[in-house]
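Enquirer:
Residue numbers (this note's numbering): 26 to 158.
#1: Is residue 36 buried or exposed, if buried means 16 or more other CB atoms sit within 10 Å of its CB?
#2: Could you check the C-alpha separation between residue 125 and residue 26 for me, to the nearest Å?
#3: Keeping to the same chain, check which residues put their C-beta closer than 8 Å to that of residue 134; ignore five residues upstream and five downstream.
#4: Could you tell me the alpha carbon to alpha carbon distance between residue 142 and residue 28, rounded to whole angstroms?
#5: For residue 93, which residues in the same chain have their Cβ closer than 7 Å to its Cβ, ignoring the five residues on either side in sequence?
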């Protein structure tokens, strides 16, 4: 029943205006729907995600959304130039280990994580060659 239904991420924000400014300035994204202080809906690469007002914003310690990119190193460099700070992880067998903010896998994939203005953890992923074909 749901196998062909679209899925989108929903991110919490304690202050919608601050989140909107951050996504515009850092990621060059503008909302397609603006619900004022209640939330925003964005469209990127054919997918959607929303940001909604919540007192629980920034409490998740896991990745809340992943943005798939073609050239992760170039995107990381561009975002760093905009002031985005990338996380470093050293989780050993339990997760990724990053070098200068980027984790690589033996299949050719890469990933990097940053926190948005609301302390949500967002990932960038460069998929291994042939994965989407």
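Backbone N, C-alpha and C define an ideal beta-carbon position, used for all residues, glycine too.
Every value quoted in this text rests on a predicted model; they were computed, and no experiment measured them.
Expert: Quick answer:
#1: So residue 36 ends up on the buried side.
#2: 43 Å
#3: 150, 151, 152, 153, 156
#4: Each residue's CA atom was taken as its position, placing residue 142 and residue 28 some 33 Å apart.
#5: 150, 152
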